[in-house]
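Per this note's numbering, the sequence shown starts with residue 146, numbered consecutively. Positions of the beta carbon are idealized from the N, C-alpha and C atoms, including for glycine. Before any comments, here is the structure.
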Amino acid sequence: MKKLIFAVSAIILLGFGCKKDNPKGAIDIDLSKGLHVQVVGGNFQRDTVGNMLKDSVIVKVTDNGSPVEGYIVQFKRSGCEDIIVTEATTTAAGRASFAWYLSGETGQQSANVVLMDANRNKKDSTSAGATGVAAEKGWHRGGCLQNFPINNVKALNSGRILASQNSSGYVYYSDDNAVSWHPLKTFSKNYFVSKIITSGGDIYLATQSDGVFYSSDNGGSWTNISSGILSVLNFSDLAYTSSGHLIYTNDYGVFVSDDKGQNWKEEDYGLPTGASTYPCENATGDLFIIGSDATVYKLALHTSSWVNIGSMGNYILSSVESIYVDDKNNMFIGGPHNGLANTGYIYESADNGNSWSPAFSQQHFGPIYPNITDISQVNGQYYFSFAGLGVFQTSDFNNYTNLTASAWNTGLLTYTVSPKTSTIVLGSPGFGIYYRVP
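Right, dumping it as structure tokens:
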């Protein structure tokens, strides 16, 4: 019996010994004295990473117990490296709110709340908490770049994904299939990056008016390789062909480099004035491009003048939006270019562009042109973007899947598919990054 009493006593004492101190919270603060900010609503919610929390976080600012108006409140999300710092000004009721988009981190997240006066002097701070839940099957928003104007996305062979904005600013990277994003601080934020292309482990960033930058170490360092290009203003397109031609186009012409941008040669004789797009190469070394008149031109190997093959009686080559050559030397063209009809189509050629057969056709009823762009092939699957309808996938050009039919209206601008994981990533001009969990 004495042993039992001793055991019970020990348990009771142990319970008192392990008792944790209550964390300091609003109850410990004397709000009747001084200037304070406290969270009064929207705290401790739970949602999928990347989502906006159902309820806004509400804070209240008081001075000696009374609400005060006109104070600045900053909200900084964890996991986003201060990519966006949201500010709000308190109302007459002393309140300010924050619509919290979660980062890509699962588990506990926090929003640091900083109170500042009119001179931006810090007066007080607190924090709000939330829980991020891993994304399940379907489309989801990438963390930290929600509502960013994304201009271009590109997946690297390493699995890293890069994204640029439709303005000057950082290029961003993701190493977890677009779930979370971080600024690529090895590259200046002062450039407007219009296009990102890769070849093996090499990366090329084409800026709107500052030339082309090259990295051979997965983005660790960068070199401007534009010396030799007549002018780097008004960028149009950039491509790297299977034989190693780096082709740059803008309003001033077409420039080709065979040594990764160390030297450039102008190759635009025979093309119309203005910017050309979609330069590509077939297996025999012939180059193809869409001229400023939306017609396909060909520069045969060992020749020096482009030939308008769209004027040779093949009407489908006289109004073209995009060209692509796959790994088996099959050529594809998407058209028409800004066609007044409501039908977009793809034609295929298996004989170096000498003859063409229909591969895809679909009507599109809407206020925008039915342009088909960015035809690509990744891991044996073909993809293309159909303006206003989304990204389509096919393995044989007989059966198609609209991958983005359930991704709601993202205002689609660009897409990429990871060669390492086959993850599909969308870039939207006003809604940021989306990725799909299969």
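Taking 7 angstroms as the cut-off, the beta carbon of leucine 329 is found closer than this to the beta carbon of valine 316. Secondary structure of isoleucine 306 (DSSP, three-state): strand.
Cα atoms of threonine 207 and asparagine 188: separation of roughly 19 angstroms, rounded to the nearest angstrom. The three-state secondary structure of leucine 462, taken from DSSP, is helix.
The residues Tyr414, in chain order, have a CB closer than 7 angstroms to that of serine 449 in the same chain once the five nearest residues on each side in sequence are set aside.
Scanning Cys425, Ala351, Gly224 and Gly398 for the CA closest to the CA of glycine 389 turns up Cys425. Under DSSP, alanine 300 shares a beta bridge with Ile306.
If you compare the alpha carbons of Leu416, Cys225, Ala241 and Glu226 with that of glutamate 232, the shortest gap goes to Ala241. Taking C-alpha positions only, asparagine 499 is separated from serine 540 by approximately 24 angstroms.
The distance from the Cβ of serine 354 to that of phenylalanine 380 is about 7 angstroms, consistent with a contact at the 8 angstroms cut-off. Excluding five sequence positions before and after tyrosine 442, the CB atoms of its chain that fall closer than 8 angstroms to its own CB belong to Gly415, Leu416, Ser421, Phe433, Ile434, Ile435, Gly436, Trp451, Val452, Asn453, Ile454 and Gly455, given in chain order.
For the pair alanine 550 and glutamine 538, the Cα-to-Cα distance works out to about 12 angstroms. For serine 344, the CB contacts under 7 angstroms within the same chain, skipping 5 residues up- and downstream, are Tyr385 in chain order. DSSP places alanine 384 inside the beta strand (DSSP E), whose first and last residues are 380-385.
Beta-bridge partners assigned by DSSP to glutamate 232: Gln219.
For glutamine 190, the closest alpha carbon among the candidates Leu247, Ile217, Gly224 and Thr440 is that of Leu247. With a cut-off of 8 angstroms on Cβ pairs, the stretch 305-315 is not in contact with the stretch 269-282, counting fewer than three such pairs.
In its chain, beyond the 5 residues on either side, Asn475 have a beta carbon closer than 6 angstroms to the beta carbon of alanine 495. Rounded to whole angstroms, serine 366 and serine 360 show a C-alpha spacing of 6 angstroms. In the structure shown, serine 456 adopts helical secondary structure according to DSSP, grouped into three states. Shown here for serine 270: same chain residues with a beta carbon closer than 8 angstroms to its own, the five before and five after excluded, namely Val182, Asn257, Val258, Val259 and Leu260 in chain order.
Between the C-alpha atoms of leucine 446 and alanine 244 there is a straight-line separation of about 57 angstroms. When secondary structure is reduced to three states using DSSP, histidine 327 falls in the strand class.
Between serine 567 and asparagine 524 a beta carbon distance of about 6 angstroms is seen, short of the 8 angstroms cut, so the two are scored as contacting. Serine 521 and alanine 300 do not touch by the CB rule: their CB atoms are close to 11 angstroms apart, not below 8 angstroms. With a threshold of 16 other beta carbon atoms within 10 Å, leucine 383 meets it and is buried. Bounds of the beta strand (DSSP E) holding alanine 504 are 502-508.
Per the coordinates, the alpha-carbon of glutamate 466 lies some 22 angstroms from the alpha-carbon of valine 570. Rounded to the nearest whole angstrom, the C-alpha separation of asparagine 408 and serine 372 is 7 angstroms. Distance between glycine 430 and glycine 577, taken at the CA atoms: about 38 angstroms. If the five residues before and after glycine 356 are omitted, its C-beta is found closer than 8 angstroms to the C-beta atoms of Asn369, Ile370, Ser371, Ile374 and Val377, all from its own chain and listed in chain order. For tryptophan 284, the enclosing beta strand (DSSP E) has its first and last residue at 283-286.
Under DSSP, glutamate 426 forms a beta bridge with Leu432. The Cβ atoms of valine 536 and tyrosine 528 sit closer than 7 angstroms to each other. The C-alpha of isoleucine 468 is placed about 18 angstroms away from the C-alpha of phenylalanine 400. Exposure of glutamine 253 is indicated by the presence of fewer than 16 other C-beta atoms within 10 angstroms of its C-beta.
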